[in-house]
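Below is one structure, written out as structure tokens; comments come after it.
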Amino acid sequence: MKRRTLLKGSLAGSAVALAASAGLLTPSSVLSAWNKPAFAVQSVSKALTSMLGTSKLILSNEVTISGPDIAENGAVVPIKISSSLANVKSLSIVVKNNPAPLLANFKLSESTNAYAAVRIKMGKTSPVMAVAETADGLFYSEKEVKVTIGGCGG
Amino acid sequence: MAKKKIKIRATLNSGTVTVKALMSHPMETGQRKNKKTGKLIPSFHITELHCTHNDKAVLDANWGAAISKNPYMSFKFTGGAKGDTVGLSYLDNKGNKESASTKIK
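Encoded structure:
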């Protein structure tokens, strides 16, 4: 009896594994898994290429980044990024002078606004870029945020 | 009572749903040193987030370690109605998964 249930269980288990690998059991809509290397590299262009496939950036006044001119606390810097461009696939935040410049990437669905607000850690004064990914390329805007007390723990 | 790991709110205004979430997470970068032992505190941070509206994906985020401790996040989407469900789940680099949901008000 026990052997039968064990076999049944393992069969069911492998069926589940097969289904999962066939994509049937994944949450109906997983747009991305974690791109570890993109968040570890130290160069802006390598991080962008790793995350978005290219590092060619086009300055645009249809991409907005807002945040404080001077961050009271580098460990908690409130940043808002948005874009008025059509069909933005994703929005990313890049802090040029952070040890690992790519901080976040937000993949958007068709009904999601090109807008995100988060709080970030900055090691020192740096330009902060908002990058909007569209079918026509990467459009960006940047703003310098001065940091008096660094937020990376160094 | 255990502290909630994710607090989430979704409000509808003029056709746009604004979602605000506050998560409890140390978001260690891996660069801080333990003051007593002098050893580096290993990185421990949220890596992916998946947000849904009535089980359909609306936002998928990849985060590095430099998002602030106890992360706050806000995003917006259209096509939601009062009473619809908005869900948020996250995975961190130690394999912990947390999720929460709320109804649009």
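Going line by line, the protein sequences match chains A and B. Take the first sequence: its letters are residues 20 to 173, numbered as in the working numbering. Take the second sequence: its letters are residues 2 to 106, numbered as in the working numbering. Each residue gets a CB set at the ideal place from its N, CA and C atoms; glycine is no exception.
Worksheet item: Taking C-beta to C-beta, are A/Ser74 and A/Phe158 nearer than 8 Å?
Response: Within the first sequence, numbered from 1, the residue matching residue 74 of chain A stands at position 55. Within the first sequence, numbered from 1, the residue matching residue 158 of chain A stands at position 139. Cβ atoms of A/Ser74 and A/Phe158: not closer than 8 Å.
Worksheet item: In its own chain, which residues sit with a C-beta less than 8 Å from the C-beta of B/Ser75, not counting the 5 before and 5 after it?
Response: Here residue 75 of chain B corresponds to residue number 74 of the second sequence, with the count starting at 1. Counting only Cβ-Cβ distances below 8 Å, and skipping sequence neighbours, we find Thr19, Val20, Lys21, Ala22.
Worksheet item: Are the C-beta atoms of B/Gly84 and some chain A residue less than 8 Å apart?
Response: As a working mapping, residue 84 of chain B is identified with position 83 in the second sequence. Not an interface residue.
Discussion item. If I follow the unbroken alpha helix (DSSP H) through A/Lys65, where does it start and stop?
Written reply: Along the first sequence, one-based indexing puts residue 65 of chain A at 46. Here the alpha helix (DSSP H) through A/Lys65 covers 63–71.
Discussion item. With a threshold of 8 Å between beta carbons, is A/Ala90 in contact with chain B?
Written reply: Within the first sequence, residue 90 of chain A is the residue found at index 71, counting from 1. Judged by the 8 Å Cβ criterion, A/Ala90 is not in contact with chain B.
Discussion item. Which residues of the region 60–78 of chain B have a Cβ closer than 8 Å to any Cβ of chain A? Give them in chain order.
Written reply: Cβ contacts with chain A come from Leu60, Asp61, Ala62, Asn63, Trp64, Gly65, Ala66, Ala67, Ile68, Ser69, Lys70, Pro72, Tyr73, Met74, Ser75, Phe76, Lys77, Phe78.
Practice prompt. Let me know if A/Gly32 comes out buried or exposed under the rule of 16 or more other beta-carbons within 10 Å of its beta-carbon.
Written response: On the first sequence, position 13 is the one that residue 32 of chain A refers to. Low confidence applies to A/Gly32: its pLDDT is 44, below 50, so where it sits in the model is not reliable enough to give any reading.
Practice prompt. Return the chain-ordered ranges of every alpha helix (DSSP H) run that is complete within the region 121–173 of chain A and spans a minimum of 4 residues.
Written response: Annotation: the region 121–173 of chain A contains no complete segment of the alpha helix (DSSP H) (minimum length 4 residues).
Practice prompt. Quick one: give me the first and last residue of the beta strand (DSSP E) that B/Trp64 is part of.
Written response: For this step, residue 64 of chain B is matched to residue 63 along the second sequence. Boundaries of the beta strand (DSSP E) around B/Trp64: 57–64.
Practice prompt. Kindly indicate if chain B contains any beta-carbon less than 8 Å away from that of A/Leu127.
Written response: Here residue 127 of chain A is taken as the residue at index 108 of the first sequence, counted from 1. True, the Cβ-Cβ gap to chain B drops below 8 Å.
Practice prompt. Using three-state DSSP, classify B/Ala82 as helix, strand or coil.
Written response: On the second sequence, position 81 is the one that residue 82 of chain B refers to. In this structure, B/Ala82 counts as coil in the three-state DSSP scheme.
Practice prompt. Pull up the DSSP beta-bridge partners for A/Ser111, would you.
Written response: Residue mapping note: residue 111 of chain A aligns to position 92 of the first sequence, counting from 1. Per DSSP, A/Asn124, A/Val150.
Fill in: Cutoff 8 Å: B/Thr17 Cβ touching any chain A Cβ
Reading the second sequence from its first residue, position 16 is the one you call residue 17 of chain B. Chain A has a Cβ within less than 8 Å of the Cβ of B/Thr17.
Worksheet entry | Within-8 Å CB hit, A/Tyr159 to chain B | As a position in the first sequence, residue 159 of chain A is number 140, starting the count at 1. Between A/Tyr159 and chain B, the shortest Cβ-Cβ separation is not below 8 Å.
Worksheet item: Using 8 Å as the limit for Cβ to Cβ distance, is B/Gly96 near chain A?
Response: Along the second sequence, one-based indexing puts residue 96 of chain B at 95. No, B/Gly96 lies away from the interface with chain A (no Cβ there is under 8 Å from its Cβ).
Discussion item. Is the beta carbon of A/Lys162 closer than 8 Å to that of A/Val150?
Written reply: Within the first sequence, numbered from 1, the residue matching residue 150 of chain A stands at position 131. Within the first sequence, numbered from 1, the residue matching residue 162 of chain A stands at position 143. No, the Cβ-Cβ distance between A/Val150 and A/Lys162 is not below 8 Å.
Discussion item. If you measure between the beta carbons of A/Ala123 and B/Ile68, is that distance less than 8 Å?
Written reply: Looking up residue 123 of chain A in the first sequence gives position 104. Looking up residue 68 of chain B in the second sequence gives position 67. Less than 8 Å separates the beta-carbon of A/Ala123 from that of B/Ile68.
Discussion item. What does the Cβ neighbour count give for B/Asn63, buried or exposed, with the cut at 16 atoms within 10 Å?
Written reply: To locate residue 63 of chain B, count along the second sequence from 1; it is residue 62. Within 10 angstroms of the beta-carbon of B/Asn63 lie 16 or more other beta-carbons, which makes it buried.
Worksheet item: For B/Lys8 and chain A, any beta-carbon pair shorter than 8 Å?
Response: Your numbering for residue 8 of chain B matches position 7 in the second sequence. Closer than 8 Å to the CB of B/Lys8 there is not a single CB belonging to chain A.
Fill in: Within 8 Å, strictly: CB atoms of A/Thr131 and B/Leu13
Within the first sequence, residue 131 of chain A is the residue found at index 112, counting from 1. Within the second sequence, residue 13 of chain B is the residue found at index 12, counting from 1. No, the pair does not count as a contact, with Cβ atoms beyond the cut-off.
Item to complete: Closer than 7 Å, Cβ to Cβ, to anything on chain B: give me those residues from the region 126–152 of chain A, in chain order.
Response: Hits within the stretch, in order: Lys126, Leu127, Ser128, Ser130, Thr131, Asn132, Tyr134, Ala135, Ala136, Val137, Arg138, Ile139, Lys140.
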